[in-house]
Amino acid sequence: MILEWPHPQIDQDWDSGKHQWREITPLAYQQLLKATTLLYRVRDAFMQAEPVDVLAGGDGLYVCCKEQQGFYFARLLPGHDWCKRDSLPVPLPKAGIGLLLESFKGEI
Numbered sequence: 069m070i071l072e073w074p075h076p077q078i079d080q081d082w083d084s085g086k087h088q089w090r091e092i093t094p095l096a097y098q099q100l101l102k103a104t105t106l107l108y109r110v111r112d113a114f115m116q117a118e119p120v121d122v123l124a125g126g127d128g129l130y131v132c133c134k135e136q137q138g139f140y141f142a143r144l145l146p147g148h149d150w151c152k153r154d155s156l157p158v159p160l161p162k163a164g165i166g167l168l169l170e171s172f173k174g175e176i
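If you read the sequence shown in the numbering used here, its first letter stands for residue 69, the second for the next number, and so on.
Here you go:
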């Protein structure tokens, strides 16, 4: 499911311990990119500078977004974990013949 806006889903993911990327629309990505100043930015990812929350250890919890293969994703990430943003794979949508075959699963 592509989210038109990542909140509150990414907040609920964090609270429940589900550390995962959520697919968002290109418009949501652009709005998040321009909404506030950025703590970090590279070619295909950024982290907003405004914390969503402050963790028990004092580190901020930030909205982190990335683009991969033309798809856009968001999640919450502690500021000190920026370098770990690529350690969790994004859920790229299935495409091509695999998707077609999967749609006929059980009928062939």
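The C-beta atom is built at its ideal place from N, Cα and C for all residues, glycine as well. Computed from a prediction, not measured in an experiment: that's the story for all the values here.
Can you list, in chain order, the residues of its chain whose CB lies under 6 Å from that of Gln136, leaving out five sequence neighbours each side? Val158
Hey, is the stretch 106-118 in contact with the stretch 77-94, meaning 3+ C-beta pairs nearer than 8 Å? no
Selection from Leu71, Gln80, Ile78, Asp83 that minimises the alpha carbon distance to Ile92: Comparing Cα positions, the closest option is Leu71.
Other residues of its chain near Met115: CB distance less than 6 Å, five sequence neighbours each side excluded: Leu107, Tyr108, Tyr130, Cys132, Trp150
Which whole runs of the beta strand (DSSP E) in the stretch 128-153 are 3 residues long or more, in chain order? 128-136, 139-146
Can you name, in chain order, every residue of its own chain whose Cβ lies under 8 Å from the Cβ of Asp127, other than the five neighbours on each side? Pro146, Gly147, His148
Quick one: residues in its chain with C-beta nearer than 7 Å to the C-beta of Gln77, no 5 flanking neighbours on either side, listed in chain order? Leu71, Arg90
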